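Undergrad: The structure under discussion is supplied below as structure tokens; questions concerning it will follow.
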Amino acid sequence: MDIGLIGLATMGRNLALNMLERGVSVAGFDIDPDCRHRCTRDSRFASAAFSLHESLDAFIATLNPPRLLILLIKAGQPVDQILSQLIPKLNPGDVILDGGNSHFTDTIRRARELSHHGIRFLGAGISGGAQGARHGPAIMLGGHPVPHALEHLLQTISARFDTHPCLVHLDGDGAGHFVKMIHNGIEYADMQLLAESQFLLQHLIGLDYPGQAAVFNLWNQGALSSYLTATTARILDKTDPETGLPALEIIHDEADHKGTGQWAAQIALELGVSAPNIMQAVDARLLSKMQPERHLLRQPWRSPILANTTAEEKEWMIPALAGVLLAARITAFAQGFKIFDAASQRFNWHLDKGAIAACWRRGCILQGILPERIRQAYATEPDLVHLLLDPVLGQHVAQGFDRGRNLLAFALNRKLPVAGLITALSFFDALRQHPLWTRIIAAQRDCFGAHGFVRSDRNQRVSWDWS
């Protein structure tokens with residue numbers, strides 16, 4: 000067999016079908032009998048090009064040397080456990096690709112440990128969910144060197160933008176999983192911004208669910224076009240088959256998370272990069288789970304009621320919301336891409352931001368018009384200090400926020416929480432403000448802690464006696 004695939008849950012099965020469809024023979028292994036049974040019950044796996052194993056020894060014996068193995072299992076300890084079983088059974092020159100959501104520091108550690116055995120360990124962020132795995136994901140591959148056979152395989156199974164594979168190869172062990180982690184952080188922010196926009200369409204502008212779906216479908220034909228915009232429109236069109244109610248009316252208002260957004264927020268803090276929309280999006284999900292507190296606070300201070308918006312207000316509010324949403328989405332991407340600069344410096348990587356944006360044009364959750372515009376920005380100016388300095392994107396942000404300020408003021412006056420949109424606007428305003436309120440903070444730190452401050456007239460650090 001060409002490839003050994005360990006992990007036959009939803010992602011693994013769909014990736015296996017993707018490979019089989021493209022003429023790649025696959026040996027599959029999973030310790031979970033239910034995952035194996037799902038394969039045996041699926042006629043699409045009834046092929047001479049697919050073999051299924053419950054024994055690791057039998058699985059490895061079917062692979063053509065040098066062996067290529069892909070792991071699609073739960074991140075963390077399960078990866079270390081399977082590696083400890085594989086190492087004695089593999090030979091120098093064999094290659095293992097971890098395609099799960101491992102933390103990039105674990106990938107760096109594992110690559111170092113397996114190199115002592117002559118085994119090449121690589122990490123790849125694979126984005127697009129089950130449908131991406133089945134029909135072509137966006138793949139962020141980290142590590143060097145990469146065997147030609149593996150690179151050819153990943154090009155074969157990845158999504159396509161025109162004729163270009165949505166595969167980016169990033170030098171540096173762990174770099175692939177790092178880029179996927181930041182992708183997910185931006186994804187958290189983008190989902191939050193879309194959710195707040197739907198919230199305003201309903202609670203400020205007063206549209207019913209079909210009206211909201213129509214707006215999102217319209218937006219998906221222009222500058223806001225993306226997989227997540229289309230997904231939101233589809234959700235708003237959905238009804239519960241049991242009750243006939245709109246889907247959102249029967250969905251409990253808690254949002255879980257699997258940790259990658261939190262990792263992105265943490266690494267931004269560790270690298271000293273301001274990425275407030277990623278952090279706010281994680282915080283919003285945590286707040287949603289504060290059900291007892293939210294219930295108690297609703298009793299003395301009731302939730303705002305549905306707005307009574309006039310036809311004239313709707314005429315300007317919906318275009319204003321489109322503008323502020325686009326501006327906020329660009330701002331969230333800019334925050335994420337700034338993390339790449341800091342990571343390149345800290346970890347001695349060269350993260351090609353234009354190539355990363357190109358990879359995200361198809362196959363992943365962030366696919367849409369915006370990644371292509373970002374690719375164009377870096378193609379025009381590879382050393383762009385900040386994405387908001389691109390003339391085209393910067394103009395969208397400035398105009399969108401200017402058009403949307405009154406809208407956000409309306410929302411605040413009607414006590415509607417839109418922290419993500421406000422965060423993006425405040426981030427943009429703060430970047431352009433001089434001097435900032437941080438002068439008083441610098442003085443406070445020196446006053447109570449003698450930390451010193453920099454004199455702006457001399458560019459000299461001093462400390463005063465404030466008594």
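Numbering-wise (numbering that gives the first Met the number 0), the sequence shown opens with residue 0 and increments by one.
All C-beta atoms in this analysis are idealised placements derived from N, C-alpha and C, irrespective of residue type, glycine included.
Owing to the predicted nature of the structure, the values given are computational and were not obtained by experimental measurement.
1) Return helix, strand or coil for His-134, following the three-state DSSP convention.
2) Under the rule that 16 or more other beta-carbon atoms within 10 Å means buried, what is Lys-88, buried or exposed?
3) Determine the DSSP secondary structure at Gln-459, reduced to helix, strand or coil.
4) Does the distance from the CB of Leu-295 to the CB of His-395 come in under 9 Å?
5) So Gly-141 packs on Asp-172, CB below 8 Å; how close in whole Å?
6) May I ask you to verify whether the region 424-432 touches the region 444-462, counting CB pairs closer than 8 Å and requiring at least 3?
7) Alpha helix (DSSP H) containing Ile-421: first to last residue?
8) Given 8 Å as the limit, tell me if Arg-40 has its C-beta closer than that to any heavy atom belonging to the ligand SAM.
9) Got a sec, what are the start and stop residues for the beta strand (DSSP E) His-52 sits in?
10) Taking the alpha-carbon of Ala-354 as reference, which of Glu-371, Asn-347 and Cys-363 has the nearest alpha-carbon?
11) CB Thr-330 to CB Asn-276, shorter than 9 Å?
12) Grab me the residues of Trp-262's own chain with a C-beta within less than 7 Å of its C-beta, minus the 5 sequence neighbours each way, in chain order.
13) Decide if Pro-240 is buried, meaning its Cβ has at least 16 other Cβ atoms within 10 Å, or exposed.
14) Could you tell me whether the Cβ atoms of Gly-399 and Ala-327 are closer together than 9 Å?
15) Going by DSSP, what residues sit across from Thr-39 in a beta bridge?
16) Can the beta-carbon of Gly-127 be found less than 9 Å from the beta-carbon of Gly-362?
17) In whole angstroms, what separates the C-alpha of Gly-210 from that of Ala-232?
18) Three Cβ pairs or more, each shorter than 8 Å: is that satisfied between the region 16-27 and the region 80-99?
19) With 16 as the cutoff for other CB atoms within 10 Å, does Gln-268 come out buried or exposed?
20) Rounded to a whole number of angstroms, what is the C-alpha to C-alpha distance between Phe-215 and Asp-464?
21) Got a sec, what are the start and stop residues for the alpha helix (DSSP H) Ala-486 sits in?
22) Starting from the C-beta of Leu-206, find all residues in its chain whose C-beta is less than 6 Å away, skip the five residues before and the five after it, and write them out in chain order.
23) Cutting at 8 Å between CB atoms, please list the residues of its own chain near Lys-73, excluding the five before and the five after it.
24) What residue does the beta strand (DSSP E) around Ile-69 start on, and which one ends it?
25) Taking the alpha-carbon positions, what's the Val-145 to Leu-285 distance?
26) Could you check whether Tyr-208 and Leu-474 sit closer than 9 Å to each other, using their CB atoms as the reference points?
27) Quick one: complete alpha helix (DSSP H) runs, 4+ long, within the region 195-280?
28) If Leu-7 and Gly-27 are in contact, beta carbons under 8 Å, what's the gap, nearest whole angstrom?
29) Looking at Gly-117: is its Cβ nearer than 9 Å to the Cβ of Gly-92?
30) In the structure shown, what three-state DSSP assignment does Asp-351 receive?
31) So Leu-55 and Cys-38 are supposed to be a Cβ contact under 8 Å. How far apart are they, rounded?
32) Please tell me whether Leu-365 and Ala-376 are closer than 9 Å, where the distance is taken between their beta carbons.
33) Let me check one thing: in DSSP terms, what residues is Leu-140 bridge-paired to?
34) Please report the residue range of the beta strand (DSSP E) in which Arg-360 lies.
35) Hey, Gly-403 and Ala-283 are a contact pair by Cβ (cut 8 Å); roughly how many whole angstroms apart?
36) Alpha carbon to alpha carbon, how far is Thr-228 from Asp-161? Give it in angstroms, no decimals.
TA: Walking through what the data contain:
1) helix
2) exposed
3) strand
4) no
5) 6 Å
6) Short answer: they don't touch.
7) 418-431
8) As presented, the structure is devoid of all ligands, the ligand SAM included, so that no description of it is given.
9) 49-52
10) Glu-371
11) yes
12) His-102 and Met-180
13) exposed
14) yes
15) Per DSSP, none; premise fails for Thr-39.
16) Closer than 9 Å, so yes.
17) 10 Å
18) no
19) The sequence shown places Leu at residue 268, not Gln. The residue is exposed, with fewer than 16 neighbouring Cβ atoms inside 10 Å.
20) 58 Å
21) Lying before the first or after the last residue shown, residue 486 is absent from the chain, which here runs from 0 to 466.
22) Leu-200
23) Gly-99
24) 67-70
25) 39 Å
26) Residue 474 lies beyond the range of the chain shown here (0 to 466); nothing can be said about it.
27) 208-218, 226-236 and 259-270
28) 5 Å
29) Against a cut-off of 9 Å, the Cβ pair of Gly-92 and Gly-117 comes out as a contact.
30) coil
31) Leu-55 to Cys-38, Cβ: 16 Å. No contact.
32) no
33) Ala-123 and His-168
34) Neither: Arg-360 is in no beta strand (DSSP E) and is coded neither H nor E.
35) Not really, about 19 Å apart at Cβ, beyond 8 Å.
36) 21 Å
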